[in-house]
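In our numbering, the protein residues as written are 13 to 189. The beta carbon of each residue, even a glycine, is placed where N, CA and C say it ideally should be.
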């Protein structure tokens with residue numbers, strides 16, 4: 013009986029490690045938009061993800077030119093908080109913030125995360141319940157709040173517990189969500 017219990021505990025421990033492990037991407041993935049379910053592919057050891065396409069820089073430029081909430085920060089909601097990671101968010105923070113907002117605005121996702129990557133940076137949304145709709149009108153002011161609290165260009169996220177959603181930016185492979 014004892015060997016079976018030890019085998020079961022070893023299995024559960026290994027499964028927990030895989031599930032709790034850092035959800036890393038392979039090197040040299042193209043910049044662009046991704047969704048993932050928050051699990052590790054046991055064959056590759058990397059996060060399971062779907063690539064949705066490259067950043068459309070013309071769409072980003074058009075979006076950036078017409079948006080009015082670029083520099084504003086949002087008022088923290090009743091239970092909302094800004095969290096800082098104590099590091100820079102990579103070399104392409106403004107690109108991923110604008111790319112994320114222009115691509116994901118009013119799109120839904122039901123996976124664990126949705127992100128936009130460029131260079132060594134990522135902007136993302138973390139889903140903690142059901143299907144989420146990303147709104148640039150929330151994301152952009154949230155990034156303004158992260159700028160105010162963490163510093164422009166630094167990693168951090170805006171937590172919305174009541175929505176079961178977080179918006180943030182960080183370095184690629186920094187272990188979000």
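Q) So does residue 173 have its beta carbon nearer than 6 Å to some heavy atom of the ligand FAD? A) Because no ligand of any kind appears in the structure shown, any question about the ligand FAD cannot be addressed here.
Q: Could you pull out every residue in the same chain whose Cβ sits closer than 6 Å to the Cβ of residue 86, ignoring the five residues on either side in sequence?
A: Working through the chain shown from its first residue, we reach residue 86 at position 74. Summary for residue 86: the model assigns pLDDT 49, below 50, so the residue's position carries little reliability; its value from the coordinates is reported in the next sentence. Once the five neighbours on either side are set aside, the close Cβ partners of residue 86 are 153, 154 and 157.
Q: In the DSSP assignment, find the unbroken alpha helix (DSSP H) run with residue 56 in it and report its ends.
A: As a position in the chain shown, residue 56 is number 44, starting the count at 1. No alpha helix (DSSP H) contains residue 56, which DSSP labels as neither H nor E.
(Q) For residue 81, which residues in the same chain have their Cβ closer than 6 Å to its Cβ, ignoring the five residues on either side in sequence? (A) Numbered from its first residue, the chain shown carries residue 81 at position 69. Note that residue 81 scores 48 on pLDDT, short of 50, meaning its location in the model is unreliable; the coordinates nonetheless yield the value given after this. The answer, listed in chain order, is 152 and 153.
Q | Length of the line joining the Cα atoms of residue 73 and residue 50 | A | As a working mapping, residue 73 is identified with position 61 in the chain shown. As a working mapping, residue 50 is identified with position 38 in the chain shown. So the alpha carbons of these two residues sit roughly 31 Å apart.
Q) Just reading off the beta strand (DSSP E) that residue 186 is part of, what are its end residues? A) By 1-based counting over the chain shown, the position of residue 186 is 174. Counting along the chain, residue 186 falls outside any beta strand (DSSP E), and DSSP gives it neither H nor E.
Q) In the structure shown, what three-state DSSP assignment does residue 147 receive? A) For the purposes of this step, residue 147 is identified with residue 135 of the chain shown, where counting begins at 1. If DSSP states are grouped into helix, strand and coil, residue 147 belongs with coil.
(Q) On the criterion of 16 or more Cβ atoms from any shown chain inside 10 Å, does residue 171 qualify as buried, or is it exposed? (A) Counted from its first residue, the chain shown places residue 171 at position 159. So residue 171 ends up on the buried side.
Q | Exposure of residue 122, with buried meaning 16 or more beta-carbon neighbours within 10 Å | A | The sequence position of residue 122 within the chain shown is 110, counting from 1. Label assigned to residue 122: exposed.
Q. With 16 other CB atoms within 10 Å as the buried threshold, where does residue 160 fall?
A. For the purposes of this step, residue 160 is taken as residue 148 along the chain shown, with counting starting at 1. With fewer than 16 other Cβ atoms within 10 Å, it is exposed.
Q: Give every residue of the same chain whose Cβ lies closer than 6 Å to the Cβ of residue 112, excluding the five residues on either side of it in the sequence, and list them in chain order.
A: By one-based count along the chain shown, residue 112 stands at place 100. The residues are 128 and 135.
Q. What does DSSP give as the partner residues of residue 44 in its beta bridges?
A. The residue labelled residue 44 in the question sits at position 32 within the chain shown. DSSP lists 129 as partners of residue 44.
Q) Just the Cα atoms here: how many angstroms apart are residue 144 and residue 189? A) To locate residue 144, count along the chain shown from 1; it is residue 132. To locate residue 189, count along the chain shown from 1; it is residue 177. Between residue 144 and residue 189, the C-alpha separation is close to 14 Å.
Q: Leaving out five residues on either side along the sequence, give the residues of the same chain with a beta carbon under 8 Å from the beta carbon of residue 38.
A: Against the chain shown, residue 38 aligns to sequence position 26. Around residue 38: 56 and 58.
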